[in-house]
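Colleague: Protein chains in written order, with my numbering: chain A, 1 to 403; chain B, 1 to 403; chain C, 1 to 403; chain D, 1 to 403; chain E, 1 to 403. A virtual CB, placed ideally from N, CA and C, is assigned to each residue, including glycine. Below: one structure in C-alpha cells.
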C-alpha cells in the first residue's frame, strides 16, 4: 500500500479544496492567489435601451467613466490570477475587504450579503464536461449596484454568459429595457439552468447502472456507484445554499432589486427547487442501486454455489461407488469378499447403478428448479442479446408510464 | 456493455425529463413545443345556474364573447402542440409570460402563484395505465379568474375531467350553483383522488412481492422491488408539492376563492395528506422488502451450503475408507500388510463399517435439524401449493386484523 | 407464480383499504356503503347529574326529543350499513355533507374540524385480536355539540365504550356532573388507552423474536419480523394524526370545550405521546432485529462452511495418500517403483502417517477454536434447554436493570 | 419453540412496562398499586438559613405543621406501596387527581405541568447497577410549592438524594440560603448528572465491543450489540423529554421559580443536552458496530473459504493423478496401455509430477497473498497477545488525539 | 476475552471524557482539577492603537492595574492545574461561580452566555496531530468584558493564538485599532479556521480508503473506516454547537459587541457552516465506504468461490472416471466386465475422454466469463501497478471535473 499512498499523495497535492480556508490566525481580507490561476480578463458591456458598448478592458481604471453614467454597466472579470488587478477593481467598486476576500479566495459557500448600496451574491456554476457524467464547478460572484453589475468568474475557459451577452447586443428580449437587477436575475437564472444538463447526464448514467447492476455487476460497477454518490453529494452542496441565497434575494428588502424582478426571481427559485428535487431523487436512486448491487452479488454467489453443489453432489457419491469396487479384498479367501467382481454382469450392473444414482440426483435438482439458475447464468453470457430483449420492453413500459 | 449502452441511449432519447429546463441563458418566457406534442383541442363549458353551453372551440378568439359574461366559463385546452394557438390563448386570458411558460414547458413542479386577478395553479395528474402497476403522469395547469377557469392538459388522450363535465351538463350536485372557484376545487379534487387507484395497484403489487420474496426470491424480484422504489419516488415527487399548493390555496387571501370553497379545499387537502401517507408507507414497506430479499438470498445460500456440506461430509470419509482398501500393499511380504483383505468377512465388515460411519453422520445432521431445511427446499418446489396454504391463513389473519 | 397471483388477487379483493377514496370526479358528499357493512344500531344514553336514560333507538327520529333538552345526550351509532338511516341521522344533527362523508366513507385520517356549533373529531380505535399480536382497527367519529355527543363506530362487534356506559349508569366518578365535552374526553381517552394492550402484545412478540433470532433464525422468523414492521407502521399511521388531533382540541378556542376539560385532554395528549414513543421504539427495535437476523444468517453460514472445511481438509489429503498407494506402478520392473508396498511394516506405517496428518489438522483447527463453533451448533440442537438457561439470566438481568 | 415461548411468557409476566397505562375506559385519577411495590417511607427535611429538622415521618398528617411555616419543607416519599397513604399525602398537598395519578402510576413520560400554585415535574432517574453496563431506572416526581417541595421516588433502595440531604444538614454551599426552587434545581441537577456514570459505563462497553468485533466476533458479540442498542434507546427515551421539561421550567413564567434559579437551571439544561449528545453519539457508534460486525462475519467467511479452496485446489488434482495410475488397464494387451507403470522411474517421476503441481499451486496462491490471510487466522488464535499489541498503540493514539 | 478486558480497562482509566460531569449531587461551582493538568501560565498582551505591552504574569493580582486602563487587556491563561490560581483569577474578573466551573471543568459543550457586563464564550479548538489523521481537541473559553478579554486554554503545549499575538505586536492589520470584541472575533476565527487542516487530512484519508477499499479491502481497512467514522462524529460534536454559539453572538443584543464586528462574525459564521458542511459530506462518504467495503468483501468471496468451483468441477468428474477404471471387476469371468481394460487403445482413449470432459468444462466456464475474474484476482497481486494505472486517470478526471 505504501506505493499507492505515496503515489496518491503525489496526485492529491493538486486535488481541489472543498472550501477555501486561510491559514488559521491570518489577517481577514488577505487575498490568496492560486499558482495556476489565469490572469483576469475584463469584459465590459454597457447598455441602455437605445444603445450599447461591448469591449474588453485593459486596465481596471478604464472602467471608471462607464460606472458614472446612468446606463447599466456589466463588468465581467474572468480569472483570479493577479492580486494587483483584483485589488484595484476592489477599490474602484469600493468593495469591503471581506467581500473581495470571498470573491477571490474560492470556493466559498453560495450566499447573499447586503452592504447597503451593494448586494453581494456568491454562486456556484456547473458545466457538463463531456459524456462521462463529470462536471466543472466554479464560483461566480456578483456585486450588484445601482447602475452596475460586477461578475467575477474563476476562469475564462468556462463561460455560461455568452448567450446573455449576445441577447444584449442583439437587443433580443426585454433585457435592455431593464436595470442591472434584471441582468443579475438573467445571469443567476442561466447558472441555475446550467445544473439541468449535468443532472440529465447523471440521470442517464443511473439508467445505465441500473441495467448493469442487474445484468452483470462487477467491481467496476461498484466503483461507478460510489463515484456517482460522491459527485451527487458535491452537486447537492452547491445547489442547497444557492436556493437559500435566491430565496434571501426574494425576501431581501434592499431597493437594489425591484418588485418586478422579484417575480422573475421566484421563477428562478422554482428552478433551483427542481434541481434540488432531482439531486435528492438521484441520491435515493443511487442508494437503492447500492442495495441492488449487494443483493446481486449475493445472488451470483448463490448461483456459483449451486453449480458447485450440483456437480459435487452428483460425482462424489459415484466416485465412492467406484472406490468400493476398487478395493482389493481377496475374493479367493471367502465367498463373501466382493463376489460382485466375479459376477457375469457385475460391471454393467455397477454402471447401471451409478447411472441410477446420477439420474436420481439430477431429477432431484431439476425438480427443485436449480437448473433454471444455470440458464440464468447462461443469460449472462448472452448479456447483450438478453438486455436488448429486456430493455426495450422496460423502456416501452417506461415510455407508456411517464411520457 | 457497449451494445447495451448504445441501445439504451437510442431508447433514452425519448425518455421523459424529470423537469423541464430551458437552454441555460435563454430568454425567459420562451415556449418549447415538443416535437411529438398533439395539437391543442379547446373545449368550452359555459354555465350558470339555469343554463349551460358545452362545445368545442375552433379558434381561441371564439372564446372572447363567453369570457365577458357573468356565467362561469370553463376553457379546457388539451394538447401543447402549437405555439401560435397557445400564444393567442395567452393573449386572450392576459397571461404573464412566465405563466404561459410554466403551462407550456412541462413538467413543472406543482405550485400556486397569485397574480392579483388570477390564481395560477400547477398540478400533476396520474392515471393507472394497466394492471402492471405503472402510471401515466401529466401536468394540468389552472388559471382561475373571476368568471372563468382555464385548464390546460398535456394530452387529449388522458382526461380525468369527463365526470365533472357530465355533472355540469346533467346538473348533478350543486356544481352549477357555484362560481369558478368551486369548479376549480372539483377538478383539483378529481386530480388528487386520481392518485388512489394508482396507489392501490401498488399496494397489491407490494403484497404480491411480499409473498414472492419469501417464497421464491429471484433476480426478477429484485428488479421489481427496485422499479417499485423508483416509481414511488416519482409519485412522491408529484404529491408533496401538490399538498403544499393546496395548502397555499387554503391560506391564500385572494378573493378569487370564497370561504365556502375553502372548507371544501380543506377536505381535498386531507386527501392529499392521505395520499402522501400511503406513498410514505409503501416506501417504507419497499425498503423493508429489500432487507427481506437480502436475508432471503442469504438463507437460500445457507440451504445450498448445507446440502453440499451434508453430501460431502458423508461421502468424503466413505471414499477415504474405500481408498484405504484399494491400496496395493503386498499382503504376502508381511502379515501386517492389510491383513483385512484376506479376512473371511473382510468385505462385509468393511461395508458395515462404512454404513456405521454414514449412519452416524446422518444422525449427527438429523439431530442438528439440517434435514428440516431440505424439506423447506422441498417446499420451494411445491411453491404454489405451499403458498396456497400459507397465504389463506395469512390472509385470513389479515382479514381478522384489519377488516 | 401465476397461481399465487390469481390466488392472491382472489383474496385481496376483500383486503382493506388504507384510506377510503371516491371514484375520482365523483360528487363531494357521496356516501359509500360497503356491501358487508352491518346495519346501524343506535344506542342512546341521556344523562344529567341526577338522572339517566339508557336505551336502544329504533328510528333516528326518536332522538329528536332528547336532543332538545339540557341534559347530555350521547348517541352511539354502531354500523355503517344503511345510507338511509345515516342520511337521516345527518339531517337530525344538521351535519355538513363533508362531515357525513368523513364519518361514513371509512377509513379517514384522524383529525379535528371546527364547524362553529359542532366539533367533528375523527379517531381510529385499535383492539387486540388474540394472542397472535394482531389487532382490529376501526374508525370512531365524534360530533360534539353543546348538549349532545354523536359517536359513530364501524361495527357493533368491537366496542370499547362499555366501561364508560356503565360508569354513567352506575354514576361512578364525576362523569355525570360534567357536560358533553367531558364525555368526549373520556371516550377519546379510552380510545388512546386502547393502544397500550396492543403495543404490549407487540413488546412481548419482540422479546420472543429477539430470543428466536439469536438462537435459531429461520425463514419464518424473517416473515414475522417483516409482518411486525408492517403492523407497527399501520399503528403509527393511526396514532400520529390522533396526537395532532388531540393537540388541536387543546389549542382550539371553540367554547364547546371548557378549560376544565382541556386539563384532562392534556393528560390524554400525554398518553398519545407515550403511545407514539412506544411505537417508534418498537420500530427501531424491529429494524435492529432485521440487522441481527442478517448477521445471524451470516454466522450460521460461517459455521456450516467451517464444518465443511474441517471435514474436507482432513479427509481430502488422506484420500490422496490412499490414492498414492492404490497406484499400480510395477514394483517388479524397478526397485524405485513403490517399494513401500513391499515393506514389512508398509501398511501400518502408512496408516500411522495418515493418522499423523489427521491429528495435525485436528490440532490446527482446534487451536484456531473452530471446534467451539460446533459446540455452538450443538447448542442449537439443545435449543430449548439452552434458551431456558440463557433466558432466565437475561430476564433476571432485565429485571434488575429496569424494574 | 413452544417451550421457549411458554418459558418466556412465564418470565415476561414480571417484565417492566415501558409506560404505565390504565385499563381503557377506567376512571381518570385511579391509582394503581403494583403488587410488589414497597411501602412508602416519608422523610422530612425542613430548613431555613439558620436551622434545620431532618426526621422520618410516620403518618402523612404529621407533615401539616411543617408545611404552614415559612421555612422550606422537603418531603421525600420513597415507595408507592400504599394507596391509602398516597391519597392522604395527595390531600395534604392538595394535589389534582391527575397529578396524583401521574405520580403513582409509574412510569410516566418526563414533563412539567403548571397548576397555578404548584409546579409538577416528572423526571426519570437512572443509576448504574454494576459493572455490566446495565442501569436501574425509576420515576422521581416533584411537586414544587411556595414553601415546600414534595418528591416521590419509586423505591427506597435506590436514592440519589443523599448527598443533597447531607449538604443541607452540614450547611455546605448556599443551599440553606435559598428557597424551595433552588432545592428543586439541586435535585434535578443530581438526577441529570446521574446519567453520566451510566453513559460512561456504556462508553467503556462500546470500546470493549470495538476490540471484540474486529478481533473475534461471535454470536455473543451480536447479542451484546443488540442489547446495547436497546438500552441506549431506553436511555434516550428518558433524557429527551427530560431536557424538554427543564427547558419548559426555564421558560415558564410561574413565579415559583426565581430568575436567580433560572440561571442555574440553564446550566442543568446544558448538562441534559450533553447527555443527549452522548446518547446520540453512542447510538451512532453502536449502529456502526453492527455494520462492522456484519463485515467482519463476511471477512471471516472469506478466510474459511480460502482455506477450503486452497486445500481442495491442491489435493483434488493430485488425487486425480493418483487415480489415473490406479486404473487397471491391461499393460500386457498393448504397449499403449499405461506404459508408465512399467517404467524404471515411473513412480518417482509420478511423485515428482505431483510435487510440481502442488508447488505450482502453492506459488499461485502465495503470490495472490492468500497465505497472509491464514496468518490473520493465526492471529485470532493469538487473540490476547495480538490485541494487547494492538490496543496499547490504539489507546496511545487516542490519548494523543483527544486528551 | 478476559485478558483483553482487563487490559483495556487498565488503559481506559486514562481515556478522555466526552463531557465533564460532576459527582451527582455535588455542589454547583465545584472546580475539579485533573491530576495531570499543567500549572496555569498567564500571558498578558495589553495594547492600544499606539502602544502595547506583552509579558508573562506571575501572580494573577499583577493583572489588576492593566484591567483598570482603557487599553485592551488580553489575558491568556494556559493550563488548568491549580485551583487556587484559577479561583483568584475568577475573583479578579468577578466571574459567576458557574462560569468558572464551565471554564475549569472541561470539556463543556460550546455555548455563549450573556452576563450583563460579560459575555462568556465556550469553544473547542482542534489541531492536527500528525499525518495519521488524528487531532488534538481542547476547550478554549473566552470572557469578554468592556476593556478586556480573558481566554483560558487547557494546555500551554497546543496554542493557536501565536499568529494573532505577533499581529498585535507587529501592528499588522487593523487589530490594534479595534476594541476587545474585534480581538475576540479574531481568536474565534482562528479556532474555526483551525478545523480546516484537520478536515483536509481526513479528506485525503478518505481518498486513500476509497482506493484501498476497492483494490484490496482487509480487516485493517474496516478498522480504519470505523475509526474515521468515530473521529468525524467527534468533530461534528465540536462544530455544531460552535456554529450555534457564533450565531448567538451575532444575534445577541449585548453592546459588548459592536455592529462593525458583527459583520466580521458573519464571515466567521460562514466558515463554521463550511466546516459543518465538510464534516457532513465526509460522514456521508464514510458511510458509503462501509457499503462499498461490504460489497467488496462479497465480491471477493465470489471470486474465491468461483476458483473453488472451477477446480472442483473440472477434477471431480475426471477423478470419477479414473475411479471407474480402477475398479477390480474380473475381466476373465465375463466379456462384459470392463472390456475396455483390455482394449488396445483403452488407456489413450480413456485419457482422451478425460481431456474432452476437461476441455468441455473449461469452455463452459470460459464462455461464462469466469476466467476474467481470475485475471481480476491477478490484478490484486499487481495491486500497485494496477492502482497506479487506475488512479492517475481517476485523478486526472477529478482534476478536470473539479478544478
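Does residue 74 (chain E) pass the burial test, meaning 16 or more other C-beta atoms within 10 Å, or should it be called exposed?
Modeller: By the neighbour-count rule (16 or more Cβ atoms within 10 Å), residue 74 (chain E) is buried.
Colleague: Going by beta-carbon coordinates alone, are residue 106 (chain A) and residue 152 (chain A) separated by less than 7 Å?
Modeller: In this structure, residue 152 (chain A) does not lie closer than 7 Å to residue 106 (chain A) by Cβ.
Colleague: Does the Cβ of residue 344 (chain D) have 16 or more other Cβ atoms within 10 Å, making it buried, or fewer, making it exposed?
Modeller: Residue 344 (chain D) comes out exposed.
Colleague: Is the stretch 290 to 303 of chain B close to the stretch 206 to 218 of chain B, with three or more CB pairs under 8 Å?
Modeller: Result yes; three or more Cβ-Cβ pairs closer than 8 Å.
Colleague: I want to see whether chain A comes within less than 7 Å of residue 296 (chain B), judged by CB atoms only; does it?
Modeller: For residue 296 (chain B), the answer is no, since every Cβ of chain A falls outside 7 Å of its Cβ.
Colleague: Shorter than 7 Å from the beta carbon of residue 14 (chain A) to some beta carbon of chain B?
Modeller: Legend: pLDDT at residue 14 (chain A) = 36, less than 50; position of this residue unreliable, value from coordinates given subsequently. Closer than 7 Å: no.
Colleague: Is the stretch 256 to 275 of chain D touching the stretch 104 to 118 of chain E, taking contact as three or more C-beta pairs under 8 Å?
Modeller: Touching, per the Cβ criterion.
Colleague: Could you run through the stretch 256 to 272 of chain C and flag, in chain order, every residue whose CB is less than 9 Å away from some CB of chain B?
Modeller: Those residues of the stretch 256 to 272 of chain C that come within reach of chain B (Cβ to Cβ, closer than 9 Å) do not exist; the list is empty.
Colleague: Determine the contact status of residue 82 (chain A) and residue 56 (chain A), defining contact as a CB-CB distance below 7 Å.
Modeller: It is not a contact, given that the beta carbons lie outside the stated cut-off.
Colleague: If you compare alpha carbons, which of C:247, C:361, C:339 and C:255 is closest to residue 188 (chain C)?
Modeller: Among C:247, C:361, C:339 and C:255, the Cα nearest to that of residue 188 (chain C) belongs to C:247.
Colleague: From this set, D:142, D:146, D:184 and D:209, which residue's C-alpha is nearest residue 228 (chain D)'s C-alpha?
Modeller: Closest by alpha carbon: D:209.
Colleague: Tell me whether residue 58 (chain D) is buried or exposed, calling it buried when 16 or more other Cβ atoms sit within 10 Å of its Cβ.
Modeller: Counting Cβ neighbours within 10 Å, residue 58 (chain D) comes out exposed, since fewer than 16 surround it.
Colleague: Within 10 Å of its beta-carbon, does residue 142 (chain A) have 16 or more other beta-carbons around it, so buried, or fewer, so exposed?
Modeller: The residue in question, residue 142 (chain A), is buried, as its Cβ has 16 or more Cβ neighbours within 10 Å.
Colleague: Contact criterion: CB-CB distance below 7 Å. Does residue 311 (chain A) meet it with respect to chain E?
Modeller: With 7 Å as the cut-off, residue 311 (chain A) counts as an interface residue toward chain E.
Colleague: I'd like the span of the alpha helix (DSSP H) that includes residue 71 (chain D), first residue to last.
Modeller: Here residue 71 (chain D) belongs to no alpha helix (DSSP H), and DSSP marks it neither H nor E.
Colleague: Indicate the three-state DSSP secondary structure (helix, strand or coil) for residue 148 (chain C) in the structure shown.
Modeller: Here residue 148 (chain C) sits in strand by DSSP.
Colleague: Just tell me which of A:136, A:319, A:340 and A:262 has its CA closest to the CA of residue 180 (chain A).
Modeller: Here the closest residue by C-alpha is A:262.
Colleague: For the structure I just gave you, are there three or more beta carbon pairs, one from the stretch 356 to 369 of chain D and one from the stretch 307 to 319 of chain D, closer than 8 Å?
Modeller: With the cut-off at 8 Å, the stretch 356 to 369 of chain D and the stretch 307 to 319 of chain D touch.
Colleague: Would you list, in chain order, the members of the stretch 320 to 333 of chain D that have their beta-carbon closer than 8 Å to a beta-carbon of chain E?
Modeller: Flagged, chain order: 320, 323, 324, 326, 327, 328, 329, 330 and 333.
Colleague: If the criterion is Cβ atoms closer than 7 Å, does the pair residue 371 (chain D) and residue 275 (chain D) meet it?
Modeller: For residue 371 (chain D) and residue 275 (chain D), no; Cβs fall outside 7 Å.
Colleague: Chain E beta carbons: is any one of them nearer than 7 Å to that of residue 160 (chain D)?
Modeller: Yes, residue 160 (chain D) lies at the interface with chain E (some Cβ there is under 7 Å from its Cβ).
Colleague: What's the gap between the Cα of residue 25 (chain A) and the Cα of residue 24 (chain E)?
Modeller: Residue 25 (chain A) and residue 24 (chain E): Cα-Cα distance of roughly 40 Å.
Colleague: Below 8 Å on the Cβ atoms is my guess for residue 278 (chain C) versus residue 158 (chain D); work out the distance and round it to an integer in Å.
Modeller: With 8 Å as the limit, residue 278 (chain C) and residue 158 (chain D) do not qualify as a contact, their Cβ atoms being about 24 Å apart.
Colleague: Our contact map puts residue 31 (chain D) next to residue 101 (chain D) with C-beta atoms below 8 Å; I'd like the distance itself, whole angstroms only.
Modeller: Right, the Cβ-Cβ distance comes to about 7 Å (below 8 Å), so this counts as a contact.
Colleague: Could you list which residues in chain A have their beta carbon closer than 9 Å to that of residue 343 (chain E), in chain order?
Modeller: What residue 343 (chain E) touches in chain A: nothing, since even the nearest Cβ is about 14 Å away.
Colleague: From the DSSP output, in three-state form, read off residue 115 (chain D) for me.
Modeller: Strand.
Colleague: Is the closest heavy atom of the ligand FAD to the C-beta of residue 347 (chain D) under 6 Å?
Modeller: With respect to the ligand FAD, the structure offers nothing, as it holds no ligand at all.
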